[in-house]
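Quick note on the numbering used here: the sequence shown kicks off at 108 and runs consecutively. Reviewing the structure listed below.
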Amino acid sequence: MTAASHIAPAVAWSLLLPWWLALVVTFTFWALTARRVQKIFSDPRRSRWVTRLVDVPMFVHFGAGFMALPLFAFGALLVGGSSLTGCAPAALAGDGALQLREAAFAAFAAGLGLTGWGAWVRRRRVVTHEVEVELAGLHPELDGYRVVQLSDLHIGSYDDKARGLEWTRMANELRPDLLVVTGDLVTSGTDYYEDVADVLGSLRARDGVFVVMGNHDQWNNDALTRAIVERGPRVLKNEHVNITRGGGAFTLAGVDDAFSGNDDIERTLADRPANVPTILLAHYPSFFREAAERGVELTLSGHTHGGQFGVPFLADRWNLARAVGQPSRGLERRGESALYVNAGLGTTGPPVRIGVAPEIAVLVLRTSGNERGAS
108 MTAASHIAPA VAWSLLLPWW LALVVTFTFW ALTARRVQKI FSDPRRSRWV
158 TRLVDVPMFV HFGAGFMALP LFAFGALLVG GSSLTGCAPA ALAGDGALQL
208 REAAFAAFAA GLGLTGWGAW VRRRRVVTHE VEVELAGLHP ELDGYRVVQL
258 SDLHIGSYDD KARGLEWTRM ANELRPDLLV VTGDLVTSGT DYYEDVADVL
308 GSLRARDGVF VVMGNHDQWN NDALTRAIVE RGPRVLKNEH VNITRGGGAF
358 TLAGVDDAFS GNDDIERTLA DRPANVPTIL LAHYPSFFRE AAERGVELTL
408 SGHTHGGQFG VPFLADRWNL ARAVGQPSRG LERRGESALY VNAGLGTTGP
458 PVRIGVAPEI AVLVLRTSGN ERGAS
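Spelled out as structure tokens, the structure:
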């Protein structure tokens, strides 16, 4: 992928530089980019200024080149199918080759603009979605109950503790009755466990803060759990609790991570009260089918980041998650069961969001028509 992402930049740079120097620049950028992409999977602590001035611009360059590739290929077809081996002097001669280099330059410039916007603007502008969800069996005294959901914080090099505290301040201001976090608390590794625990410890809700783990939280799950619990939130691992308000109640359940094989949906939902609705916290949306079969009224998930990359203005339909067969973001129903997939706050892989905003969700619980009529 990193090699392919440098095809269009190589041809674009040959418009401004001698072909041999364009090759040198291309190889240098490719080597640096490939090395940084490899290190993203361990996410060691780095200087904040190195991250801002080196790492993020490098990922913008990588993303721009990758996005420019199809645009450049289309431009190559328009100018007569010129060879992509166009860094040789013979291929860079003539009007057609000049048009090809201009097409590569335009495609790369467009990619830089879109990827730069996704890195420095879109991923920082959090959107709050408030959604009303009817729950069968919800007591009238719980009508209007506000569940605020955060997901996929990915606290690490690119979204640090300071940004996480900004998110928690926003969440606390939404007047939550209950606050839940549905996994992927860190990006990778263990270096940011104390930071994300501080972030989660700053959350406040009338009936408490509850957390489930995701696949990115498994490097030392016990240590992360201890750090979070010490600061107040409760981590649910294949268990449930009862939330009561006046004469009303519901069950809040949390299933553990499936990637590590620690999930046990049967144990999670066993022995829950029969006459109150259940809300299940599950990092993976794939739990919804089984949850619906077991009569869970509402499942709250994350994991997909809403696709993270989508077609601007059409991203709810055209995004990376849907392209690989996953639900992206929003509410869907199966009979009396509902699933809400949160687009998350952080990023995985490149620190870029295109077309898909980071999200805090407010699920406003509503009694169904039958309960309203009975009241």
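Glycine is no exception: its CB is placed at the ideal position from the N, C-alpha and C atoms.
What do you reckon, are the CB atoms on residue 383 and residue 356 nearer than 8 angstroms?
yes
How big is the Cα-Cα spacing for residue 352 and residue 411?
32 angstroms
Span of the beta strand (DSSP E), counted from its first residue to its last, around residue 361
355 to 361
What residue does the alpha helix (DSSP H) around residue 256 start on, and which one ends it?
Not the alpha helix (DSSP H): residue 256 falls in the beta strand (DSSP E), residues 253 to 257.
Which of helix, strand or coil does DSSP assign to residue 135?
helix
Candidates 400, 275, 247 and 362: which alpha carbon is nearest residue 453's?
275
For the region 204 to 217 against the region 126 to 146, do three or more pairs of beta-carbon atoms, one drawn from each stretch, fall closer than 8 angstroms, so that the two count as touching?
The region 204 to 217 is not in contact with the region 126 to 146.
What's the gap between the Cα of residue 402 and the Cα of residue 241?
14 angstroms
What residue range is occupied by the uninterrupted alpha helix (DSSP H) comprising residue 328?
Where residue 328 is concerned, the enclosing alpha helix (DSSP H) stretches over 328 to 337.
Which runs of the alpha helix (DSSP H), 4 residues or longer, sit entirely within the region 397 to 481?
Counting only runs of at least 4 residues, the region 397 to 481 fully encloses the following alpha helix (DSSP H) elements, listed from N- to C-terminal order: 427 to 430 and 476 to 481.
Residues near residue 399 by beta carbon distance below 6 angstroms, same chain, minus five either side:
When the five nearest sequence neighbours on each side are left out, the beta carbons in the same chain lying within less than 6 angstroms of the beta carbon of residue 399 are those of 441 and 444, in order along the chain.
Cβ-Cβ separation, residue 374 to residue 345 (assumed contact under 8 angstroms), whole Å
5 angstroms
CB of residue 246 within 8 angstroms of CB of residue 294, strictly:
Cβ distance not < 8 angstroms, so residue 246 and residue 294 don't count as in contact.
Taking DSSP's pairing of strands, which residues face residue 349 in a bridge?
Note: residue 349 sits in a beta bridge opposite 358.
Closest residue to residue 132 among 142, 143, 119 and 144 (Cα-Cα distance):
Closest by alpha carbon: 119.
Within its chain, find whatever has a CB closer than 7 angstroms to the CB of residue 178; leave out the 5 residues flanking it on each side and keep chain order.
214 and 217
Following the continuous alpha helix (DSSP H) through residue 373, name the residue where it begins and the one where it ends.
372 to 376
Which residues in the same chain as residue 196 place their Cβ atom closer than 8 angstroms to its Cβ, once the five residues preceding and following it in sequence are excluded?
Summary for residue 196: the model assigns pLDDT 44, below 50, so the residue's position carries little reliability; its value from the coordinates is reported in the next sentence. Around residue 196: 126.
Kindly list the residues whose CB is nearer than 6 angstroms to the CB of residue 491, restricted to its own chain and excluding five residues on each side of it in sequence; keep chain order.
Only positions 108 to 482 of the chain appear in the structure, and residue 491 is not among them; the question remains open.
So, are the CB atoms of residue 232 and residue 450 less than 8 angstroms apart?
no
Measure the Cβ-Cβ separation of residue 309 and residue 153 and say whether it is below 8 angstroms.
no
Buried or exposed by the 16-neighbour rule on C-beta atoms within 10 Å, applied to residue 135
exposed
Rounded to a whole number of angstroms, what is the C-alpha to C-alpha distance between residue 157 and residue 302?
19 angstroms
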